[in-house]
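Engineer: Just so we're aligned, residue 1 is where the sequence shown starts under full-length UniProt numbering, counting upward by one.
Have a look at this one.
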Amino acid sequence: MSTTVTEAPRALTTRPRGYASAVRERLVTPMPSDRVIGWLGPVLVAALAGCFHFWRLGKPAAIVFDEKFYPQEAQSMLHYGVEYAVPYDGPPPATPGPDFVVHPPLGKWVIAVGEKLFGYHLHSAHPDGFGWRFSVALLGTLGVLVVARTGRRLFRSTLLGCVAGLLLATDGLHLVESRTALLDPVLTFWALCAFACVVVDRDWVRRRLADTVTNRRDHSASSASLGLRPWLLGAGLFLGMACGTKWNGAFFVVAYGLLALVWTTSARRTAGAERPYLDTLRRDVPVFVVYLALLPLVVYIASWTGWFLSDPAHAWDRGWAAKPENAGRYPLLPTDALKSLWYYHHEMYDFNVGLAKFHAYKSNPWSWLILGRPTAFWFQRGTDAQYHCGAGTCDEVVTALGTPALWWASIPAIGVLLYRMVGRRDYRAAAILTAIGAGYLPWFNYQHRTIFSFYAVVFSPYIALAVTMVIGLALGGARASVTRRTWSAAAAGAYVLLVVANFAYLYPILTSQSIPDHDWLSRMWFQSWI
Numbered sequence: 001m002s003t004t005v006t007e008a009p010r011a012l013t014t015r016p017r018g019y020a021s022a023v024r025e026r027l028v029t030p031m032p033s034d035r036v037i038g039w040l041g042p043v044l045v046a047a048l049a050g051c052f053h054f055w056r057l058g059k060p061a062a063i064v065f066d067e068k069f070y071p072q073e074a075q076s077m078l079h080y081g082v083e084y085a086v087p088y089d090g091p092p093p094a095t096p097g098p099d100f101v102v103h104p105p106l107g108k109w110v111i112a113v114g115e116k117l118f119g120y121h122l123h124s125a126h127p128d129g130f131g132w133r134f135s136v137a138l139l140g141t142l143g144v145l146v147v148a149r150t151g152r153r154l155f156r157s158t159l160l161g162c163v164a165g166l167l168l169a170t171d172g173l174h175l176v177e178s179r180t181a182l183l184d185p186v187l188t189f190w191a192l193c194a195f196a197c198v199v200v201d202r203d204w205v206r207r208r209l210a211d212t213v214t215n216r217r218d219h220s221a222s223s224a225s226l227g228l229r230p231w232l233l234g235a236g237l238f239l240g241m242a243c244g245t246k247w248n249g250a251f252f253v254v255a256y257g258l259l260a261l262v263w264t265t266s267a268r269r270t271a272g273a274e275r276p277y278l279d280t281l282r283r284d285v286p287v288f289v290v291y292l293a294l295l296p297l298v299v300y301i302a303s304w305t306g307w308f309l310s311d312p313a314h315a316w317d318r319g320w321a322a323k324p325e326n327a328g329r330y331p332l333l334p335t336d337a338l339k340s341l342w343y344y345h346h347e348m349y350d351f352n353v354g355l356a357k358f359h360a361y362k363s364n365p366w367s368w369l370i371l372g373r374p375t376a377f378w379f380q381r382g383t384d385a386q387y388h389c390g391a392g393t394c395d396e397v398v399t400a401l402g403t404p405a406l407w408w409a410s411i412p413a414i415g416v417l418l419y420r421m422v423g424r425r426d427y428r429a430a431a432i433l434t435a436i437g438a439g440y441l442p443w444f445n446y447q448h449r450t451i452f453s454f455y456a457v458v459f460s461p462y463i464a465l466a467v468t469m470v471i472g473l474a475l476g477g478a479r480a481s482v483t484r485r486t487w488s489a490a491a492a493g494a495y496v497l498l499v500v501a502n503f504a505y506l507y508p509i510l511t512s513q514s515i516p517d518h519d520w521l522s523r524m525w526f527q528s529w530i
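Below, the structure written as structure tokens:
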């Protein structure tokens, strides 16, 4: 008599009682419960920054530093859809031709919004820079709000978020660039918004995985699908806009993509996935390719719409591929327009990496954190009859100088964050240092070319976050003793007041106020600042 042995059904993997709640506790850190104050505090800090940014925004009523390029190009784009070769200091020629510009168009379209709303009054009887500076000032103000809200999420503290916003609002470099129609502050805002989206995406992913572990019968996170990730999508959009403003936005694409990928893998491992790296490779990497590679590329190309729609006679290199001598070049590109754009980018790259002219304010990136050589954006000297300062000699100055009490403190703060990232695997430190690195480290590869310290504005928001994180560490957590928290709070408060006082002292030379010459010299603490 034969018997047939059948295999018993495989039982569901069992987990210990309370496993799901324990995983949720590890994955999800509660946000502060003060939702109203959580918005009101950052909004008030941003409003204060707005007062700094918009007060006398139209002054100087003239072109400041590299404003000789971008406001005029923005005005040309409003009229023609593309940059024409129109001088900034005179009337346009009767038949303007195409202009060779070395940065993508999006930042100039942003500047053009303010010019459309409030006018471009450079050549009027009463010149005023408010129109061409409006958009940048608005983005600078909103950037303070984004920093405060992002700091609140990173540190799980509305107070610390507001401190971060206040530190950025009282940074001289961020203020000056928020009052000047340049591309760097526009890039700063897009990159900051992308950073905020990546930080929110981390929480969104961990909450989604916690829900999966809770709802599955076996409490398994293996192969859990994260579905659409709206905040990662937002990051991709903002990163594309950053690249469409200046090319160094591409460094943030790489940095934030790697950061989000590491966070996703870590979240899967924390949730109990048996093969977190393989799960990330199979389920998440394709999403990253679409959101953080293809989407930014599409947004970047879309920023060139005005160039694509322009007549070849009016847009630089627009008809390059149609010339007989260029036939057969770049065969992998499907259209003449894309071939022409690729060649144009080749010319732009050669110019940008080869720019090595002497400039009095050229600055090596090694000196940026110590404020070794700030850039003088504007300097006018005259008599009291001209400038009404109450002294024999008066100065009106705009110096792109970071607040020393903030920037000098950031150097040891970065050291603390390096320890926290490596020694404690602190994701907050990793996020802030990644952002600083993306904005700062690439410049060391271009020390041979003409570069300036005001480029550091792109990582100034993360300088504020780095110093704020150290303040939070000094205060300690909920288990810290009353004595520690009291003394740490007193020291932190004194430090923030020092930054504010330092900023107030420098404010006249950040905003072109008329001051006696000796007052200007008293603020030039080092010879290299002059």
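C-beta atoms are modelled at their ideal positions from N, C-alpha and C, and glycine is treated no differently.
None of the values given here were measured: they were computed from a predicted structure.
Report all residues from its chain with a CB closer than 6 Å to the CB of V470; omit the five preceding and five following residues, and keep chain order.
Structural biologist: Taking the sequence shown and counting its residues from 1, the one referred to as residue 470 is at position 470. Within the same chain, V470 has close Cβ partners A413, V416.
Engineer: Please report the Cβ distance between H174 and V499, rounded to the nearest whole angstrom; I am assuming they are in contact, meaning their Cβ atoms lie under 8 Å.
Structural biologist: Here residue 174 refers to the residue found at position 174 of the sequence shown. Here residue 499 refers to the residue found at position 499 of the sequence shown. At roughly 12 Å, the Cβ-Cβ gap does not stay under 8 Å, so H174 and V499 are not in contact.
Engineer: Do H314 and V82 have their C-beta atoms closer together than 8 Å?
Structural biologist: Taking the first residue of the sequence shown as 1, we reach residue 314 at position 314. Taking the first residue of the sequence shown as 1, we reach residue 82 at position 82. Closer than 8 Å, so yes.
Engineer: State the start and end residues of the unbroken alpha helix (DSSP H) segment that holds A193.
Structural biologist: Residue numbering aside, residue 193 sits at position 193 when the sequence shown is read from its first letter. The sequence given here has Cys at residue 193, not Ala. Taken as a continuous stretch (DSSP letters only), the alpha helix (DSSP H) holding C193 covers 184-215.
Engineer: Count Cβ pairs between the segment 38-52 and the segment 110-125 that sit closer than 8 Å; are there 3 or more?
Structural biologist: No, the segment 38-52 does not touch the segment 110-125.
Engineer: Near G372, which residues of its chain fall below 7 Å by C-beta distance, leaving aside the five closest residues on each side in sequence?
Structural biologist: Working through the sequence shown from its first residue, we reach residue 372 at position 372. Counting only Cβ-Cβ distances below 7 Å, and skipping sequence neighbours, we find S363, S528.
Engineer: Is S453 near T375, with beta carbons less than 8 Å apart?
Structural biologist: Within the sequence shown, residue 453 is the residue found at index 453, counting from 1. Within the sequence shown, residue 375 is the residue found at index 375, counting from 1. Taking 8 Å as the cut-off, the Cβ atoms of S453 and T375 count as close.
Engineer: Quick one: residues in its chain with C-beta nearer than 7 Å to the C-beta of T245, no 5 flanking neighbours on either side, listed in chain order?
Structural biologist: Sequence index remark: in the sequence shown, residue 245 carries index 245 (1-based). For T245, where only same-chain residues beyond five positions count, the Cβ hits under 7 Å are P104, L106, G107, L183, V186, L187, W190.
Engineer: If you check the beta carbons only, do C193 and F155 fall under 8 Å apart?
Structural biologist: Within the sequence shown, the letter at position 193 stands for residue 193. Within the sequence shown, the letter at position 155 stands for residue 155. Taking 8 Å as the cut-off, the beta carbon of C193 is found no closer than this to the beta carbon of F155.
Engineer: With a threshold of 8 Å between beta carbons, is F54 in contact with chain C?
Structural biologist: Of the chains in the structure shown, none is chain C; there is only one protein chain.
Engineer: A376 bridges to which residues according to DSSP?
Structural biologist: In the sequence shown, the residue the question calls residue 376 occupies position 376. Bridge partners of A376: T399.
Engineer: Would you kindly report the start and end of the unbroken alpha helix (DSSP H) that includes P276?
Structural biologist: For the purposes of this step, residue 276 is taken as the residue at position 276 of the sequence shown. From DSSP, the alpha helix (DSSP H) with P276 extends over 276-279.
Engineer: List the whole-angstrom C-beta distance separating V102 from F351, where the pair is believed to meet the contact cut-off of C-beta under 8 Å.
Structural biologist: Position 102 of the sequence shown, counted from the first residue, corresponds to residue 102. Position 351 of the sequence shown, counted from the first residue, corresponds to residue 351. Right, their Cβ atoms sit about 5 Å apart.
Engineer: From the DSSP secondary-structure annotation, give me the bridge partner or partners of D128.
Structural biologist: For the purposes of this step, residue 128 is taken as the residue at position 128 of the sequence shown. DSSP, once it has assigned bridges, lists H121 as partnering D128.
Engineer: N248: buried (16+ other C-beta within 10 angstroms of its C-beta) or exposed?
Structural biologist: By 1-based counting over the sequence shown, the position of residue 248 is 248. Under a 10 Å Cβ-count criterion, N248 is classified as buried, with 16 or more other Cβ atoms of the shown protein chains found around its own Cβ.
Engineer: If you run the structure through DSSP and keep just helix, strand and coil, what is Y419?
Structural biologist: Residue mapping note: residue 419 aligns to position 419 of the sequence shown, counting from 1. Helix.
Engineer: Hey, G227 and L295: beta-carbon distance below 8 Å or not?
Structural biologist: Within the sequence shown, numbered from 1, the residue matching residue 227 stands at position 227. Within the sequence shown, numbered from 1, the residue matching residue 295 stands at position 295. Cβ distance not < 8 Å, so G227 and L295 don't count as in contact.
Engineer: At 4 residues or longer, what runs of the alpha helix (DSSP H) sit wholly inside the segment 245-280?
Structural biologist: 249-270, 276-279
Engineer: Specify the secondary structure class of Y84 as computed by DSSP and reduced to three states.
Structural biologist: Against the sequence shown, residue 84 aligns to sequence position 84. The answer is strand: DSSP assigns Y84 an E or B state.
Engineer: Based on Cα-Cα distance, which residue from G402, V482, V397 lies nearest to H518?
Structural biologist: Sequence index remark: in the sequence shown, residue 518 carries index 518 (1-based). Checked all of G402, V482, V397; the closest Cα to H518 is V397.
Engineer: Could you give the first and the last residue of the continuous alpha helix (DSSP H) run that contains S33?
Structural biologist: Against the sequence shown, residue 33 aligns to sequence position 33. Premise fails: S33 is in no alpha helix (DSSP H) and is neither H nor E.
Engineer: What are the complete alpha helix (DSSP H) segments, minimum 4 residues, inside the segment 465-522?
Structural biologist: 482-510
Engineer: Can you tell me which residues form a DSSP beta bridge with P98?
Structural biologist: Stepping through the sequence shown from its first residue, residue 98 is reached at position 98. DSSP lists Y84 as partners of P98.
Engineer: With C-beta atoms as the reference, is R152 less than 8 Å away from P42?
Structural biologist: Locating residue 152 in the sequence shown gives position 152, where the first residue counts as 1. Locating residue 42 in the sequence shown gives position 42, where the first residue counts as 1. Less than 8 Å divides the Cβ of R152 from the Cβ of P42.
Engineer: Within 10 angstroms of its Cβ, does D367 collect 16 or more other Cβ (buried), or is it exposed?
Structural biologist: Here residue 367 refers to the residue found at position 367 of the sequence shown. Note that residue 367 is Ser in the sequence shown, not Asp. It is exposed - the Cβ of S367 has fewer than 16 other Cβ atoms within 10 Å.
Engineer: Going by alpha carbons, who is nearest to G272 out of A250, A255, T335, R206?
Structural biologist: Start at 1 with the first residue of the sequence shown, and residue 272 comes out as number 272. Of the listed residues, the one whose Cα sits closest to G272 is R206.
Engineer: With burial defined as no fewer than 16 other Cβ atoms inside 10 Å of the residue's Cβ, what is the status of S135: buried or exposed?
Structural biologist: One-based indexing of the sequence shown puts residue 135 at position 135. That one is buried.
Engineer: Measuring straight from C-alpha to C-alpha, what distance separates W263 and A492?
Structural biologist: Numbered from its first residue, the sequence shown carries residue 263 at position 263. Numbered from its first residue, the sequence shown carries residue 492 at position 492. Spanning the two alpha carbons is a distance of roughly 30 Å.
Engineer: Would you identify the three-state DSSP class for C394, choosing helix, strand or coil?
Structural biologist: The residue given as residue 394 occupies position 394 in the sequence shown. Looking at C394 - three-state DSSP - the assignment turns out to be strand.
Engineer: Within 10 angstroms of its Cβ, does Y455 collect 16 or more other Cβ (buried), or is it exposed?
Structural biologist: One-based indexing of the sequence shown puts residue 455 at position 455. Counting Cβ neighbours within 10 Å, Y455 comes out buried, since at least 16 surround it.
Engineer: Short check: CB of A409 to CB of M421, under 8 Å?
Structural biologist: If you number the sequence shown from 1, residue 409 lands on position 409. If you number the sequence shown from 1, residue 421 lands on position 421. No.
Engineer: Less than 8 Å between the CB atoms is what I'm expecting for A181 and W109, so what's the real figure, rounded?
Structural biologist: Counting from 1 along the sequence shown, the entry for residue 181 is found at position 181. Counting from 1 along the sequence shown, the entry for residue 109 is found at position 109. With a Cβ gap of about 12 Å, A181 and W109 do not count as contacting.
Engineer: Answer yes or no: do Y277 and V198 have a C-beta to C-beta separation smaller than 8 Å?
Structural biologist: On the sequence shown, residue 277 is found 277 positions in, with the first residue counted as 1. On the sequence shown, residue 198 is found 198 positions in, with the first residue counted as 1. Going by C-beta atoms, Y277 is not nearer than 8 Å to V198.
Engineer: Would you call R381 buried or exposed, if buried means 16 or more other Cβ atoms sit within 10 Å of its Cβ?
Structural biologist: On the sequence shown, residue 381 is found 381 positions in, with the first residue counted as 1. Looking at its Cβ environment, which holds fewer than 16 other Cβ atoms inside 10 Å, R381 is exposed.
Engineer: Report all residues from its chain with a CB closer than 7 Å to the CB of T212; omit the five preceding and five following residues, and keep chain order.
Structural biologist: Mapped onto the sequence shown, residue 212 falls at position 212. Counting only Cβ-Cβ distances below 7 Å, and skipping sequence neighbours, we find A221, A224.
Engineer: Leaving aside the five residues before and after R149 along the sequence, list all residues of the same chain whose C-beta is less than 6 Å from its C-beta, in chain order.
Structural biologist: Here residue 149 corresponds to residue number 149 of the sequence shown, with the count starting at 1. So the qualifying residues of the chain are P42.
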